[in-house]
Amino acid sequence: MTSRVLAKLNRTSFGVEFLIRLVPTIVVFAGFALYQPVVASPGNLWNIALQTCYLAIFTLGQVIVLITAGLDLSIGLAVSYVSVVAALAMVQVTDNPLLAVCVFMLVGMAVGLLIGAFNGFFVSIVRINPFVVTLATFNILLALSSTVTKGFPVSGFPPQLGDWLVNANVLGVPIPLVMAAVVMAAIGIILSRTVFGRSLYLIGSNPRMAFVAGINVRLHTLGAYMLCSGLAAFGAILLTARAGSGEPNIGGSLALETIAAAVIGGARLRGGEGGVGSALAGALFITVLSNGMNLARIDGYIQQLCIGAIIILSLVFDQLSRGSSRSS
Amino acid sequence: MAIDAPLLELTAISKRYGPSLALDQVDFDLFPGELHVLFGENGAGKSTLINVITGNVAPDNGRYRLAGEEISGMSPQGARQNGIAAVFQEFSLIPDLTVEENLFLGRERKHLGLLRKSEMRSEARALLADLGFDIPTGRMVAELSRAQRQMVEIAKALFEKSRILVLDEPTASLTDTDADTLFKLIAELKRGGVGIVYVSHRMREIRQLADRVTVLRGGKKVATVEGAGVTEAQLVEMMVGRPVGDLYPSIKHVPGKTLLEISGLSSADGRVRDVSLNVRAGEIVGLAGLVGCGKGEVGRLVFGLEAIAGGRITLGDGASETPSPRKMLQRGVCYFPADRGTDGLAPNRPIKENASAAALDLLEIGGKGWLRKKTEARRVLQVLETLHVRPLMPDQNVAQFSGGNRQKVMLARGLMRDISVFLFDEPTVGIDVGAKGEIYELLRDLTEAGAAVLLASSELPEILNLSNRIYVMHEGEIVAELEGARRTEAEVLAGFFGKQPAEVVGIEARP
Amino acid sequence: MTAFVAGHKQRAMHLLANGGLILLLIAIVIAVSAYIQPRFLSQQNIINVLRNASILSIISMGQMLVMIAGGFDLSVGVIVAFASIESALLMGYLIAWMPEMQVLAVVLAVALAIGTGAAIGLANGMLVALVGLSPFMVTLAMSSVVAGATFYVTKGIPIYGMPDFFMTAVGRGFLFGLPVVVVVGIVVVLLTVAVQRLSSFGRHVYAVGSNPIASRQSGVSVTRILLSVYAASGAAAALTGILLTARIGSGQSTFGGTYVLESIAAAVVGGVSLIGGSGRAERVMAGALFLSVVSNSMNLLKIDSKYQTLVLGVVLIAALCSELLLKGRRKYD
Amino acid sequence: ADWWPFTIVPDGPDKKPMEAIKYVPLEKASKKWNLCVLFPHLKDSYWVASNYGIVDEARRLGVRAYTFQAGGYDQLPKQLAQFDDCLASNPDAILIGAITEAGVAGRLKAGMDKGIPIIAVANPIYDNPITALITTDHHQKGLLSGKYLVESLGAEGGKVVAFPGPQNSGWAETYLKGFQEAIAGTKVEMLEAKFGEAGVAEQLTLVEDALQTYPEMTAIWGGAPTAEAALSAISEAGRDDIKVVSSWEDQKMPDRIKEGKVLGFAAEYPVILARIGVDLAVRALEKKPLEFLAAHPDVRVLRATPGMVNKDNIDKVDLTQIYAPADWQPVFDTE
Ligand SMILES: Nc1ncnc2c1ncn2[C@@H]1O[C@H](COP(=O)(O)OP(=O)(O)OP(=O)(O)O)[C@@H](O)[C@H]1O
Ligand SMILES: Nc1ncnc2c1ncn2[C@@H]1O[C@H](COP(=O)(O)OP(=O)(O)OP(=O)(O)O)[C@@H](O)[C@H]1O
Ligand SMILES: [Mg+2]
Ligand SMILES: [Mg+2]
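Residue numbers (this note's numbering), protein chains in the order written: chain H, 1 to 328; chain Y, 1001 to 1511; chain B, 2001 to 2333; chain S, 3001 to 3335.
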């Protein structure tokens, strides 16, 4: 009976599993806070929350393709490309701030969805391994984003952009946090309460089974990649607004970072697992860790070393605890 | 060695997987020259025990003695070095290697560190010829049918002189002819003093082969009995813990309207040629034939899983141009693949999601794209209860269930929506008698409720006992349609050998 | 007659699908480039291409073994850098310590650096094989650890002080009329071919990548195989780092950045399956050669550098598309 | 040796250079101020030298400096996060080597709004509110090194292939513009500008391929990794006649000049820039502005004029203004 209850709890994406995933984050946070009290100051908590929300959005995109047993290495470059193209489009129409911001967001989302459609087309219709497809997309976008900007950031944003997308707040909560929360909640509902979401999990777990069960594997996989790049574009819009310029280098190493965060949060590269909770828990962990190390004034080289080591440790710990729960 | 010294002696072996105790204080022993059958329902713990014997699973506790010697921490390599060979239920073959490479895997013939390929090739050919298995040694295992893989798996286990041979459902996908070859071999090995552990759900084999039978139920040993002095009924009763009636239910076939009509169907890969058949409401139509004759592919073609080269598929409500699983499901046709592992189930998702996977487009479950989770849970629970899935935990992942229960979960898909045409491909591969009986009853209930059932099976008794009509296939073509009194073993077997009975069928004869 | 033609067509398709295509493409790129820019076929340019291809081949051999065994090694790039600075530093120390025995010092330094590469690979392998972590995550995190260590040691400043002959004899030297780097590359590739074709180890690598559970049941020590391939990959990456160091004459912590992707690309273009179980050394070498020829010809044809990554991306997708087309594909799998 | 007085050229409000001034720093800070330093990375000798300048000057003045490094120029989000982390730790002043100006603009405003002085070091911040910028001029470096190359090639001129650095970095393009300006109207012709990652391995391939493409080339102009790679490529191709000039500095360039393998390199003074940065921060905190700045409140930009180092002046140049000491280990926290 208890096992049935436990199994039930296990299944809810935002339940016990999520809380368990938060444990390492809490431990790390507590450790740094004891060492450096400013880590736990309200100012820094807001800071952590804000930093997490961008990473969490990107990670969520990654989680969605991971659920389908794919992955997206191009996510970082998609962010960069959306950033510059949306910025370029916006600076054409800065006379009318409202129009400019709309153009910015619409163009950004459209470019993101296009990139997702490109990835999705090759992964799901042509059926090439997602690793190679998104690697290729990465290279192509790298070339494109340097071509459109010639290497220089795109600046000259209307100040309203910052006012609306960065500095505004709802009941004291900064707007990026609010928007991230809304989007994450929406995706959470999509994943757990819609046929689309359910199909993604089944496809990730066994695509042949999904096909035999009459699920449109290709269309759903395509959708997953578009959703992933759509989220990347959404995050890119918020991040670009925050940076105040369209940046060809803004995506950087996001691909690996989001995959690491997703896996730490409980998604699996073999597919069929993960959810909004994974994205949030993983992004929070990475953010708390690097924020803590920054505030604890740890040597920058050592930070890099530590992040790698701690990721390995947390995965080992996770793996061992799974193993023991099976045999105990 | 004295005949009373056991080769293998397991005492009080236990193994726990999460909440379930797969093995609970099980004792087991094996004497030289003996064939010891392990018998039990799906999930009783047979494969787990075998994995303990072969060193693939470490028991939580218990004693393991091999030829009187206590061994702790047996590994697969250790087991092999100690003369334990095994045919596994989920095969131990490497799809990307050739038959020959598989046969020698882990014990390649080497000279100065270099492989001796030609020596291995001729040895492999000789072995397969000895066994009477007609399989090209140079072909990749990925290209073989399940039956052929089963043969390779058996050949692999028989390769080296071993003291103990473990066979976990070796005949699950073999026809009787091939099974008989195996039985002759087994008899020979027994004479040579080899101890054999044998798992099977087929009563015929157990009757024919068993020296002793150990019955497991729910991870516990129920009894060990002499094979000669026990009846089928007794065994089955021990297995399920209650008396059981006839395995095959009597089915009242009332053929009605034709719900599925296939005419001149050919597959693009050429494995099915010009097949015509029809299935009517209220009857089970058997599709029999030798391994790889294409009987399974007919269902896959109808369901749109494989490319069609020509022919027509007509359902009760009209013709179907380009079939696809989705369209077919919507028109009341459901196909159940033979290989539940690769085609049938999503292993790391809950059984609930697996059961409802084919019904997500229904208004009551996934209406307009939104899941109705409550309805879904209720309906799934109903269906799982009907099928007696055990344990009844809809939120548990499929991977945690035994073979038979996985099979039932897969079948649950067909009960979640209105299906009038059921295409079964080997619906009872590797599942226990109890579960088999339950599945047969399901077939009966479906048929009597007016469904049309196409049953492709390699188990001749299954076909003979359940079908109203039988089509026999040979090399991709239908060679006989048997009805009424002609549904006899002899007639079907005649069809197995097709137009040229002299030439015994082999893979190479196919285009 | 038609059957005859069809048979030929089938044979041709088969050839193309099994490595012929890549050779054909290499030939086309060479022909076109040589037509436009005759200097493409100058001796010096051929040597340049071969040298780059050799270095890429070496690191790709390790990557390929790991990929056949069902994994990925994202840490090869940082191992290149680590081996570069390690060998440079060690040479400096050892020569200061035993100035009369420069050759011995160099050999020792090289051996130690390759050993360290293998050890890092071994650590990857242990996490993958013994703990059961995903290779992607393990090697990714390991990259971070090793890169942190590399920069901690060097602050990114190049390390000098290796003996001249290391540069002249190894980096620029010739052996049997071929650059030493190319000779080393050929040896490594031949060795890998031999391991794949003639040893049981090679066979077991395929087995483990194709089906680890079945391999274990068949008595293959999956752990040992995984440890070996990751160690081999680490060692190959280290060797690459050392050769680059010899080419340039200093230990550089910026080495290797592009090798992760390039080695995977070479493997993929060379037909290595991304899910493990198949791949051949000689085809991967052809893949490496192809990438090197393309990049060289783009430089010689004065194609803007920003389009070079674009071409790499398109080539990758095209390679896999054409393979799918040639091999054909079941309706569902 | 004490480094002051150092000649600095301020930019006027019209962005034209003003008259040079002599920069003299404070003796001692009045208080142990907390300075937060944000660098793009610490992966080459340039930023390590900057770190040295920061740390050494902080120690001299008696303030505390804590350095963040983002890990590379592709890590803007990381620098933004570090900026916020830095703000969260309540620093007295911030020094920043920005990854891109536009990218950090929003953060700069947030910092300035909190009343925290922000000094930009090395990487330019022209159009956003900051306390001051101490930098040099990449255009100028391209120009200087270009002019030096023109001079070295002599009357008959020559054909040069340029290797400015990574495409889309912004700075590589700036260097190239300076270079093109230098050769404009001379007999030196640029055959092609080959962009590429600024690593020695990457540059080596580029140079090798260029040697094949342009057998007529007589000179190479590029960054320090290009020069390093070029040495091995040209000696191997038997083209030791090719002249090499570097547009920026690294640890090895002085030796290469002494060996006569590189003609010269343009150098800015990263150590000095960093030192002045620290001093400007302390001055801002203690409200003791430079006399000149007090007189010109609208001047924000100070420039150290780059210099050309070549074999004639190599012995006279004070290398401690360009490089950290050879055994220098970056210090992230001066505590
Ligand atoms: N790897 C595993 N993880 C969790 N549970 C497992 C695992 N393997 C087996 N079990 C559980 O152990 C029990 C015994 O399974 P086992 O496979 O031994 O049954 P079996 O008797 O061979 O059944 P079948 O006839 O269906 O093959 C089942 O309840 C099964 O769910
Ligand atoms: N010669 C072969 N080459 C490749 N694959 C084969 C071959 N023979 C059979 N198969 C595979 O085995 C599976 C079963 O084959 P098929 O459906 O044609 O025969 P069947 O009569 O259903 O045989 P079975 O008794 O194995 O169910 C198919 O999925 C097919 O892909
Ligand atoms: Mg079993
Ligand atoms: Mg079949």
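Beta carbons: idealized from backbone N, C-alpha and C, even for Gly.
Keep in mind the model is a prediction, meaning the values are calculated, not measured.
Extent of the continuous alpha helix (DSSP H) to which residue i belongs
i        : result
P176(H)  : I175 to R193
T3221(S) : The amino acid at residue 3221(S) is misidentified as Thr; the sequence shows Trp. No alpha helix (DSSP H) holds W3221(S); the beta strand (DSSP E) holding it covers A3219 to G3222.
H3138(S) : H3138 to L3153
L2335(B) : Summary: the structure shown does not reach residue 2335(B), with chain B confined to residues 2001 through 2333, and so no result is reported for it.
L2021(B) : L2021 to I2036
F234(H)  : V217 to A243
Spatial neighbours of residue i in its chain, beta-carbon cut-off 6 Å, leaving aside the 5 residues before and after
i        : result
A2118(B) : A2231, G2234 and A2235
G1344(Y) : P1337 and M1410
P1249(Y) : Y1440, E1441 and R1444
Span of the beta strand (DSSP E) around residue i
i        : result
I1196(Y) : G1195 to V1199
T1224(Y) : K1220 to E1226
N3310(S) : G3307 to N3310
Own chain partners of residue i with C-beta closer than 8 Å, once the 5 adjacent residues on each side are dropped
i        : result
G1282(Y) : H1253, V1254, P1255, G1256, T1447, E1448, G1450, A1451 and A1452
T2150(B) : V2078, A2081, F2082, I2085 and S2253
R1326(Y) : D1361
I2114(B) : A2083, A2235, A2238, L2239 and I2242
N2052(B) : S2292, S2295 and N2296
Min CB distance residue i to chain H below 8 Å
i        : result
T3186(S) : no
A3001(S) : With a pLDDT of 46 at A3001(S), under the threshold of 50, the modelled position of that residue is not reliable, and the figure given next carries that caveat. Not an interface residue.
T3334(S) : no
G2313(B) : yes
CB contact below 8 Å: residue i versus chain B
i       : result
F152(H) : no
V132(H) : yes
Spatially closest choice to residue i from the options, by CA coordinates
i        : options                                   : result
G3146(S) : I3054(S), Y3175(S) and I3134(S)           : Y3175(S)
R977(Y)  : L1423(Y), K1436(Y) and I1365(Y)           : Absent from the model: residue 977(Y). The displayed extent of chain Y is 1001 to 1511, so no value can be given.
I215(H)  : V1275(Y), R1065(Y), S1356(Y) and A1307(Y) : S1356(Y)
L3204(S) : S2218(B), N2048(B), A2281(B) and C2321(B) : N2048(B)
A2267(B) : T2139(B), G2062(B) and I2120(B)           : G2062(B)
P3129(S) : L3285(S), Q3140(S) and L3108(S)           : L3108(S)
G2092(B) : V2205(B), G2161(B), G2277(B) and L2310(B) : G2161(B)
G2202(B) : G1138(Y), L1185(Y) and K1110(Y)           : K1110(Y)
Cutoff 8 Å: residue i Cβ touching any chain Y Cβ
i        : result
I215(H)  : yes
G2277(B) : yes
Below-8 Å beta-carbon distance, residue i vs any chain S residue
i        : result
G2249(B) : yes
G2071(B) : no
Cβ neighbours of residue i in the same chain (closer than 7 Å, five flanking residues each side left out)
i       : result
R218(H) : S124 and I125
| request: Give the residues from the region 291 to 318 of chain H that approach chain B closer than 8 Å (Cβ to any Cβ), ordered along the chain. | output: D299, Y301, I302, Q303, Q304, L305, C306, I307, G308, A309, I311, I312, L315 and V316
| task | Quick one: which residues of the region 2169 to 2198 of chain B get their C-beta closer than 9 Å to a C-beta of chain Y? List them in chain order. | result | A2194, R2197 and L2198
| Between the region 3067 to 3101 of chain S and chain H, which residues of the former have a C-beta closer than 8 Å to a C-beta of the latter? | T3067, F3068, Q3069, G3071, G3072, Y3073, D3074, Q3075, L3076, P3077, K3078, L3080, A3081, Q3082, D3084, D3085, C3086, L3087, A3088, S3089, N3090, I3099, T3100 and E3101
| Short-range partners of chain H found in the region 3101 to 3117 of chain S, where Cβ spacing is below 7 Å | A3102, G3103, A3105 and G3106
| query | For the region 259 to 271 of chain H, which residues have a beta carbon sitting closer than 9 Å to at least one beta carbon of chain B? | reply | I259, A260, V263, I264, R268, L269 and R270
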